[in-house]
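Below is one structure, written out as structure tokens; the observations come after it.
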Amino acid sequence: MRIGIMSFAHLHALSYVHHLGHMADIELVGVADDDAARGQRYAGQYGLKYFDTYEALLAEKLDAVVICSENAYHHRLTVMAAEAGAHVLCEKPLMTSIEEGKAMLAACEKADVKLMTAFPMRFNAPTIEGRKVVTSGSLGKIYGCSTTNQGKMPRDVSWFTNKKLAGGGALTDHTVHVADLLRWYLGCEVVEVFAESNAILNSDFKPEVETGGIVMLKFENGTFATIDCSWSKPPFYPTWGGVTMELVGETGVLSVNAFKQTIAVYSHETDRPSWPFWGSDSDGGMINEFLTSVRENRQPAVTGYDGFKAAEIALAAHRSVEIGQPVSLPLQG
Amino acid sequence: MFRIGIVGTGVMGGFHAASWARTPAEVVGVLSLDRDQAQAVANYVNCQVYDDLDALIHDVDVIDVCTPTDTHHEIVLRAAAAGKQIVCEKPLARTYTEGREIIEACEKAGVKLLVGQVVRFFPEYALAKSVVEAGKIGQVGVIRLKRVGFQPSRNPNWFADFDRSGGVILDLMIHDFDYARWVAGDVESVFARNVRSNQANTMDDYCLAILKHKSGAISHVEGAWAYPAPLFRTALEIAGDGGLIEHPAGSSVPLEIHLDQLPDGSRPNPGVPTSPLLDDPYVLEIQHFYEILSGANIPLRITGADALAALQIALAAVQSAQTGKRVKIEEVA
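Sequence lines, in order, name chains A and B.
So in my numbering, spot 3 of the first sequence is number 3, and the numbers just go up one at a time.
So in my numbering, spot 27 of the second sequence is number 360, and the numbers just go up one at a time.
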């Protein structure tokens with residue numbers, strides 16, 4: 001299978017390239033990037049061919065592409081790839097507007113290519129196990145869920161805090177993972193979104209986007225859930241952040257901590273503790289599912305529509321902050 | 334030396350009686366609708382059981398109100414009118430009007446009003462507050478507070494009667510509403526969702542609330558009477574622009590005891606961790622109140638106005654959960 005990498009703006013691309021590089025029957029054809037210096041740097045690092053334009057890369061008769069551009073460019077690159085007949089694995093959040101998302105879904109449908117959203121949390125072993133508990137019914141009806149996807153502010157990659165390129169800050173970056181997990185766990189859609197946000201955390205960085213936020217979702221089955229999407233872990237925190245979910249049901253409670261499988265290391269080299277992760281690698285499972293869905297010509301386990309619905313929640317969260325009240329879904333484009 | 338009269342001898346009345354015993358004050362009388370329960374407390378502190386509230390008020394310097402929430406107003410007003418100092422369990426009152434009248438009555442009578450927002454006396458909470466106060470984590474951006482447990486069982490169970498207790502929001506979450514306000518200042522608006530079952534054998538009550546403070550900070554507050562017994566957990570997290578304070582649930586349990594059976598042959602209650610203190614928070618609270626009553630020149634840690642503000646936040650959460658809308662704090666008056 002011939003695969004191209006479209007942009008290294010999102011550094012998850014490094015992990016995806018690493019996994020693809022170790023898979024049988026995969027040919028990494030090359031890399032293109034809006035930022036030539038960035039693209040050439042990573043192409044060099046991984047021994048990949050660099051293409052000056054996306055058009056040139058797509059002219060290589062690729063089977064599939066991985067898109068890790070700035071959020072605002074997902075739309076343009078996905079439509080280009082679809083029109084070139086390449087299946088698409090696109091980094092989250094899928095889009096920065098409803099119109100973009102609808103156009104992406106339509107383009108992939110029209111070209112009959114798969115569109116998968118990069119939601120590696122669906123392939124995280126503890127979250128998979130947690131979903132089994134929920135769908136087994138042993139918690140009874142789920143009353144509500146208190147969840148977090150907190151992290152450090154991405155300080156080294158400037159577009160994350162650029163409103164135009166990212167579409168927003170913490171609300172955009174960190175709402176979609178857990179929003180997707182909750183849709184997956186509960187098997188139903190969100191009907192209403194409320195959010196509060198601020199830009200107090202990381203104020204030394206003078207961010208132009210929100211750095212702290214809490215979102216409240218209401219699902220069509222009545223379950224409510226909060227997502228703390230704040231960039232609230234300081235730069236010296238022992239790990240990047242984490243994902244936690246506590247689901248409270250009629251007959252029990254489930255706590256999931258997706259990244260708790262760590263050891264604590266105290267090294268003179270760093271002068272502070274670090275918590276390296278030893279749990280199963282979810283990125284590998286995600287890449288594998290994408291490739292398998294292409295080979296078997298079936299829908300991937302996480303679709304473009306899943307990415308659309310999660311990103312719609314983040315967009316609604318921004319709108320709620322603007323108007324100060326809950327916002328109903330689906331959003332009108 | 335002060336003579337104390339305790340009204341209400343449930344769990345809190347018992348705690349207060351034991352705590353007054355750790356001060357120079359003397360509990361001279363207790364009164365309860367449950368005479369056996371009152372007698373048990375009276376035996377413990379060696380005092381008289383009263384049947385008549387006015388007789389008890391007549392014989393003491395301080396009335397300590399530990400009765401169900403909806404009765405605070407009447408008892409406090411009677412004691413204040415008689416010129417007695419007031420100690421009152423949280424929540425200050427069942428309604429905002431009652432709370433305001435309690436404050437006015439105590440002011441008019443020139444008596445002190447000391448409200449048992451005991452979380453301000455929990456060493457871990459007081460320590461976190463002092464770390465914030467010392468500027469060690471900069472400006473507060475996002476606070477997370479959790480207080481979850483099982484359904485209180487009393488006979489008769491006034492907690493289960495929303496009109497009397499205000500449910501988990503007024504009875505339990507008020508601790509964290511008060512704490513959030515203590516740490517991050519006045520609250521501007523509240524958004525909350527709640528589920529409450531009112532079946533005969535269950536009174537599951539679960540709520541998630543988002544507070545927006547006037548400072549711009551956001552607080553996430555979780556409260557539950559819905560977890561399987563004997564689970565009871567609290568957690569606090571305060572993120573600022575200069576650092577982070579974490580105190581996850583169960584993180585500071587210095588003793589774990591696992592026994593095949595207790596000396597009397599019964600099975601031990603599993604899962605009850607113990608965090609021993611030489612002076613428990615109720616003792617610290619009552620000792621502080623004793624000092625204030627004695628005229629010590631120290632700041633009162635929780636004023637009547639603070640207790641009323643906490644009640645106002647809780648009532649705003651109730652209103653938001655009912656209407657599904659964000660409630661501005663001044664709407665509760």
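Glycine included, C-beta positions come from ideal geometry on N, C-alpha and C.
The model shown is predicted, which means the values in this text are computed figures rather than measured ones.
Inset, instruction - Report buried or exposed for A:Glu192, applying the criterion of at least 16 other Cβ atoms within 10 angstroms of its Cβ. - result: The residue given as residue 192 of chain A occupies position 192 in the first sequence. A:Glu192 should be labelled buried.
Legend entry - Whole-angstrom distance between A:Glu312 and A:Ile3, CA atom to CA atom: Walking along the first sequence from the start, residue 3 of chain A turns up at place 3. Walking along the first sequence from the start, residue 312 of chain A turns up at place 312. Each residue's Cα considered, the two are about 29 angstroms apart.
Legend entry - Host alpha helix (DSSP H) of B:Cys399 (start-end): As a position in the second sequence, residue 399 of chain B is number 66, starting the count at 1. Taken as a continuous stretch (DSSP letters only), B:Cys399 belongs to no alpha helix (DSSP H), as it is neither H nor E.
Inset, instruction - Using 10 angstroms around the beta-carbon of A:Lys110, count the other beta-carbons present and answer buried if the total reaches 16, otherwise exposed. - result: Within the first sequence, the letter at position 110 stands for residue 110 of chain A. By the neighbour-count rule (16 or more Cβ atoms within 10 Å), A:Lys110 is not buried but exposed.
Legend entry - Cβ-based neighbour list, B:Glu437, same chain, cut-off 7 angstroms, excluding 5 preceding and 5 following: The residue given as residue 437 of chain B occupies position 104 in the second sequence. Hits under 7 angstroms: none found.
Legend entry - beta strand (DSSP E) segment containing B:Gln381, residue limits: Numbered from 1 along the second sequence, position 48 holds the residue referred to as residue 381 of chain B. That run of the beta strand (DSSP E) goes 381–383.
Inset, instruction - Closer than 6 angstroms by C-beta to B:Gly482: which residues in its own chain qualify, once you throw out the five before and the five after it? Chain order, please. - result: As a position in the second sequence, residue 482 of chain B is number 149, starting the count at 1. These residues qualify, in order along the chain: Tyr560, Phe565.
Inset, instruction - Please state if the CB of A:Ala166 and the CB of A:Glu70 are separated by a distance shorter than 9 angstroms. - result: In the first sequence, residue 70 of chain A corresponds to position 70, counting from 1. In the first sequence, residue 166 of chain A corresponds to position 166, counting from 1. In this structure, A:Ala166 lies closer than 9 angstroms to A:Glu70 by Cβ.
Inset, instruction - With DSSP collapsed to three states, give me the class of B:Leu577. - result: In the second sequence, the residue the question calls residue 577 of chain B occupies position 244. Here B:Leu577 sits in strand by DSSP.
Legend entry - Ordered list of alpha helix (DSSP H) runs contained in the segment 246–322 of chain A, each at least 4 residues: 282–295
Inset, instruction - Kindly give me the distance between the Cβ atoms of B:Leu610 and B:Pro456, rounded to whole angstroms, as I take these residues to be in contact under 8 angstroms. - result: Here residue 610 of chain B is taken as the residue at index 277 of the second sequence, counted from 1. Here residue 456 of chain B is taken as the residue at index 123 of the second sequence, counted from 1. Contact holds; Cβ gap of about 7 angstroms.
Inset, instruction - For A:Met216, go through chain B and note every residue whose CB falls closer than 8 angstroms to its CB, in chain order. - result: Taking the first residue of the first sequence as 1, we reach residue 216 of chain A at position 216. Within chain B, the residues near A:Met216 are Phe524, Arg526, Leu541, Ile543.
Legend entry - Contact set for B:Gln484: own chain, Cβ-Cβ below 6 angstroms, skip 5 residues either direction: The residue labelled residue 484 of chain B in the question sits at position 151 within the second sequence. Here the set comprises Met536, Trp558.
Inset, instruction - Report yes or no: do three or more beta-carbon pairs, one from the segment 467–476 of chain B and one from the segment 634–651 of chain B, lie closer than 8 angstroms? - result: no
Legend entry - Option nearest A:Ala72 by Cα separation, candidates A:Asp306, A:Asn162, A:Val29: In the first sequence, the residue the question calls residue 72 of chain A occupies position 72. Of A:Asp306, A:Asn162, A:Val29, the residue nearest in Cα terms is A:Asn162.
Legend entry - B:Leu519 and B:Ile662 closer than 9 angstroms at C-beta: Residue mapping note: residue 519 of chain B aligns to position 186 of the second sequence, counting from 1. Residue mapping note: residue 662 of chain B aligns to position 329 of the second sequence, counting from 1. For the record, residue 519 of chain B in the displayed sequence is Asp; it is not Leu. Taking 9 angstroms as the Cβ cut-off, B:Asp519 and B:Ile662 qualify as a contacting pair.
Inset, instruction - Could you name the residues of chain A that B:Leu577 contacts, counting a contact when the two beta carbons are closer than 8 angstroms? - result: In the second sequence, the residue the question calls residue 577 of chain B occupies position 244. Ser232, Lys233, Pro234, Tyr237, listed in chain order.
Inset, instruction - Report the neighbours of A:Phe224 on chain B: residues whose CB is nearer than 7 angstroms to its CB, in chain order. - result: For the purposes of this step, residue 224 of chain A is identified with residue 224 of the first sequence, where counting begins at 1. For A:Phe224, the chain B residues whose Cβ falls inside 7 angstroms of its Cβ are Arg526, Leu541, in order along the chain.
Legend entry - CB-CB length for A:Ala258 against A:Cys145, believed under 8 angstroms: Taking the first sequence and counting its residues from 1, one reaches residue 258 of chain A at position 258. Taking the first sequence and counting its residues from 1, one reaches residue 145 of chain A at position 145. That pair is no contact at about 14 angstroms.
Legend entry - For A:Cys68, the three-state DSSP class (helix, strand or coil): As a working note, residue 68 of chain A is residue 68 in the first sequence. Note: A:Cys68 maps to coil in three-state DSSP.
Legend entry - Where B:Lys545 falls, given that 16 or more other Cβ within 10 Å makes a residue buried: In the second sequence, the residue the question calls residue 545 of chain B occupies position 212. The residue in question, B:Lys545, is buried, as its Cβ has 16 or more Cβ neighbours within 10 Å.
Inset, instruction - Determine which residues of the segment 172–203 of chain A have a Cβ less than 9 angstroms from any Cβ of chain B, and write them out in chain order. - result: Glu192, Phe194, Ala195, Glu196, Ser197, Asn198, Ala199, Ile200, Leu201, Asn202, Ser203
Inset, instruction - Pair every Cβ in the segment 522–532 of chain B with every Cβ in the segment 133–140 of chain A, then say whether three or more of these pairs are closer than 8 angstroms. - result: no
Legend entry - the segment 228–240 of chain A contacting the segment 148–158 of chain A, beta-carbon criterion three pairs below 8 angstroms: yes
Inset, instruction - Kindly indicate the opening and closing residues of the alpha helix (DSSP H) around A:Met116. - result: By one-based count along the first sequence, residue 116 of chain A stands at place 116. Careful: A:Met116 lies outside any alpha helix (DSSP H), inside the beta strand (DSSP E) at 115–118.
Legend entry - Cβ neighbours of A:Thr244 in the same chain (closer than 6 angstroms, five flanking residues each side left out): The residue you call residue 244 of chain A lines up with position 244 of the first sequence. Only Thr148, Asn257 meet the Cβ criterion.
Legend entry - 8 angstroms contact criterion, which A:Ser77 and A:Ser158 should meet: CB distance rounded: On the first sequence, position 77 is the one that residue 77 of chain A refers to. On the first sequence, position 158 is the one that residue 158 of chain A refers to. Residue 77 of chain A is actually Leu in this sequence, not Ser. Not a contact, Cβ separation roughly 20 angstroms.
Legend entry - Proximal chain A residues relative to B:Gly549, where beta-carbon distance stays under 7 angstroms: In the second sequence, the residue the question calls residue 549 of chain B occupies position 216. Within chain A, the residues near B:Gly549 are Asn198, Ile200.
Inset, instruction - Inspect the beta-carbon positions of B:Ile464 and B:Ile578 and report whether they are closer than 9 angstroms. - result: The residue labelled residue 464 of chain B in the question sits at position 131 within the second sequence. The residue labelled residue 578 of chain B in the question sits at position 245 within the second sequence. Sequence check: residue 464 of chain B is Val here, not Ile. Yes, these two residues count as a Cβ contact at 9 angstroms.
Legend entry - Where A:Leu89 sits in the DSSP three-state scheme: For the purposes of this step, residue 89 of chain A is taken as residue 89 along the first sequence, with counting starting at 1. Reduced to three states, the DSSP call for A:Leu89 is strand.
Inset, instruction - Could you tell me the distance, in whole angstroms, from the CA atom of A:Lys221 to the CA atom of A:Ala195? - result: Within the first sequence, residue 221 of chain A is the residue found at index 221, counting from 1. Within the first sequence, residue 195 of chain A is the residue found at index 195, counting from 1. Here residue 221 of chain A is Asn; the residue named in the question, Lys, does not match the sequence. Using only the alpha carbons, I get a separation of about 20 angstroms.
Inset, instruction - Return the bridge partner residues of A:Gly30 from the DSSP annotation. - result: Numbered from its first residue, the first sequence carries residue 30 of chain A at position 30. Beta-bridge pairing by DSSP links A:Gly30 to A:Gly4.
Inset, instruction - Starting from the Cα of B:Val677, find the closest Cα among B:Glu407, B:Ala354, B:Gly549 and give me that residue. - result: Nothing can be reported for residue 677 of chain B, as the shown portion of chain B is limited to 334 through 666.
Legend entry - Pairwise C-alpha distance: A:Ala317 and A:Thr127: Locating residue 127 of chain A in the first sequence gives position 127, where the first residue counts as 1. Locating residue 317 of chain A in the first sequence gives position 317, where the first residue counts as 1. Answer to the nearest angstrom: the Cα atoms are 24 angstroms apart.
Legend entry - Contacts of A:Gly324 in chain E (Cβ-Cβ under 8 angstroms): No chain E appears in the structure shown, which is made up of the protein chains A and B.
Inset, instruction - In angstroms with no decimal places, state the Cα-to-Cα distance between A:Tyr46 and A:Asp271. - result: For the purposes of this step, residue 46 of chain A is taken as the residue at position 46 of the first sequence. For the purposes of this step, residue 271 of chain A is taken as the residue at position 271 of the first sequence. Going from the Cα of A:Tyr46 to the Cα of A:Asp271 covers about 31 angstroms.
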